[in-house]
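Note sheet for the following structure.
As structure tokens, this is what we get:
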């Protein structure tokens, strides 16, 4: 007699049989079988454009390791000619393209985080960054669908506005030239108009513009966007222009053309009868504009968006008085803000709550040191001072020191992990070597692992730190001695590694 309990097994065997009959690779067949009943796993890549050792590169590497990121790939390390970042900033674009092209299409859904090598410090764990990436892009896509209304789904898929690539925001359009679409076509941030106060100073302006120093998105989307940037460089490079080597200019130009094209599509969807298309060109505060010449069917949608609220990426220039290192030691992990940073006439002190996911993730990291300090890891969290945007009320994921770099020397010793840096680094290395996932629970329906790990036999004897990074061009492992040993005193304080 037929027993329904066996139905799932029979169906699975039939599927496997059909798959085996198809003229496909053994690897494909194996992947189908292994995925049955298992959660999908994707990878996080950490790419750091850097050509030579520097104490600030070590800060980026140590902070990322402590916070559960995979070993970084140093993009353009010891590059020469067009790949030498010390000669041209455009080497950054070329080297990133080389790395993206080395990843197989089957991994296009992996996430890649690209940070500038000499002015970025991580603050929150990698799993929080992944969670926030998906939260921000999901919210942005909902806003785009609402903006385009009923006609949204009627747009061809290739031209349908979506967001999958996230750049850090800037309070200044650089290079400054408001004839550029990257300047005048920048959309509004969605923040209150007086969020940063009222005035003409750069610090009062909204973070409407793209900064290329921090980027996160799927490998496939990033590959297309960086290829478009290369095309832009080849088409518009002017050897006489003072900013000709600015990677940010070309990437923001790709974004600016995207935003201009979005405005025109919105106009076409919402306009009936006769209307002047020029009236729908974003104002941007200037009369003379360089209007893009977009051919019919030309691709302009690269799914680029900005992290306006700085939940992931926090820059420094223009934000100086809007950031603080706060202790979340109030009831239920709250911090009290008493500074009236935007000069609001009706200001009252307010509380910011540390998100539960952040509290749990930090406590998980601190569990490796809490026993030595005879303290509950959740109690340790209340002793930390965390970098916070007082306007958007986010404890940000990383800090990007745009502007004066000397501030990094002051900041490093005040970061929450600094007193425990050596212990946390050792624990993080052990965790990665053991094959631990980045995320303890699925994010976006997937488990997440690091794209890179440590070499089979890293130098972890005689007190030598096992940490290091991979060089992209040679795929060579760069150990601690090559990269950071000379900076141990700065990285770990008075306690030197032997």
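Numbering (mature numbering (1 follows the signal peptide of the UniProt record, and there is no 0)), first residue to last: -21 to -1, 1 to 477. C-beta atoms are modelled at their ideal positions from N, C-alpha and C, and glycine is treated no differently.
Asked	Found
Pair within 9 Å by beta-carbon distance, residue 102 and residue 170	no
Collapsed DSSP secondary structure at residue 145 in the structure displayed	strand
Cβ-Cβ separation, residue 448 to residue 462 (assumed contact under 8 Å), whole Å	7 Å
Same chain, Cβ closer than 6 Å to residue 187, neighbours up to 5 away in sequence not counted	165, 168
DSSP bridge partner residues for residue 329 (one or two, in chain order)	316
In chain order, each alpha helix (DSSP H) run of at least 4 residues that lies wholly inside the segment 86 to 165	105 to 127, 160 to 163
Local Cβ density within 10 Å of residue 492, reported as buried at 16 or more and exposed below that	One cannot answer for residue 492 here, as it falls past the ends of the chain, which runs -21 to 477.
DSSP three-state assignment for residue 5, whether helix, strand or coil	The predicted position of residue 5 is uncertain, since its pLDDT is 40 and thus under 50; no value can be drawn from it.
Residue ranges of each beta strand (DSSP E) within the segment 50 to 88, 3 or longer	52 to 54
Cβ shell of residue 200 (< 7 Å), same chain only, five flanking positions each side left out	143, 144, 282
Residue 286 classed as buried or exposed, judged by whether at least 16 other C-beta atoms fall within 10 angstroms	buried
Exposure label - residue 93; buried when at least 16 CB within 10 Å	buried
Outcome for residue 277 when other beta-carbon atoms lying within 10 angstroms are tallied against a minimum of 16	exposed
Straight-line gap, residue 459 to residue 472 (C-alpha atoms, nearest Å)	17 Å
Proximity below 9 Å, CB of residue 90 to CB of residue 42	no
Test item: CB-CB of residue 296 and residue 347 under 9 Å	no
DSSP state of residue 468 mapped onto helix, strand, coil	helix
Cβ pair residue 208, residue 229 closer than 9 Å	yes
Contact set for residue -21: own chain, Cβ-Cβ below 7 Å, skip 5 residues either direction	The pLDDT assigned to residue -21 is 46, lower than 50, so where the model puts this residue is not dependable, and the model offers no usable value.
Coil, strand or helix - residue 192 by DSSP	strand
Candidates 271, 288, 382, 180: closest to residue 162 by CA position	271
Anticipated Cβ contact below 8 Å, residue 27 with residue 54, distance rounded	6 Å
Cβ separation of residue 365 and residue 329, assumed to be a contact under 8 Å, to the nearest whole Å	With 8 Å as the limit, residue 365 and residue 329 do not qualify as a contact, their Cβ atoms being about 16 Å apart.
Outcome for residue 196 when other beta-carbon atoms lying within 10 angstroms are tallied against a minimum of 16	buried
Residue 265, buried or exposed, once every other Cβ within 10 Å from all chains shown has been counted against 16	exposed
Classification of residue 344 by the beta-carbon crowding that lies within 10 angstroms, buried from 16 upward	buried
Validate contact between the segment 368 to 377 and the segment 314 to 331 using beta carbons, cut 8 Å, 3 pairs	yes
Cross-strand partners of residue 358 (DSSP beta bridge)	In the DSSP output, where bridge partners are listed per residue, residue 358 has none listed.
For residue 291 and residue 115, believed in contact at Cβ under 8 Å, the rounded distance	7 Å
Residue 395 and residue 470 closer than 9 Å at C-beta	no
Residue 248 beta carbon less than 9 Å from that of residue 130	yes
Own chain, CB closer than 8 Å to residue 184, minus 5 neighbours either side, in chain order	150, 151, 175, 297
CA-to-CA distance, residue 360 to residue 337, given in whole angstroms	10 Å
Bounding residues of the beta strand (DSSP E) (the contiguous stretch that carries residue 453)	Residue 453 -> no beta strand (DSSP E), and no H or E assigned at all.
Close Cβ partners of residue 23 (< 8 Å) along its chain, the five nearest in sequence each way excluded	48, 49, 89, 90, 91, 92, 105, 109, 417, 427, 428, 429, 430
Inter-residue Cα distance where the pair is residue 475 and residue 466	Legend: pLDDT at residue 475 = 42, less than 50; position of this residue unreliable, value from coordinates given subsequently. About 10 Å.
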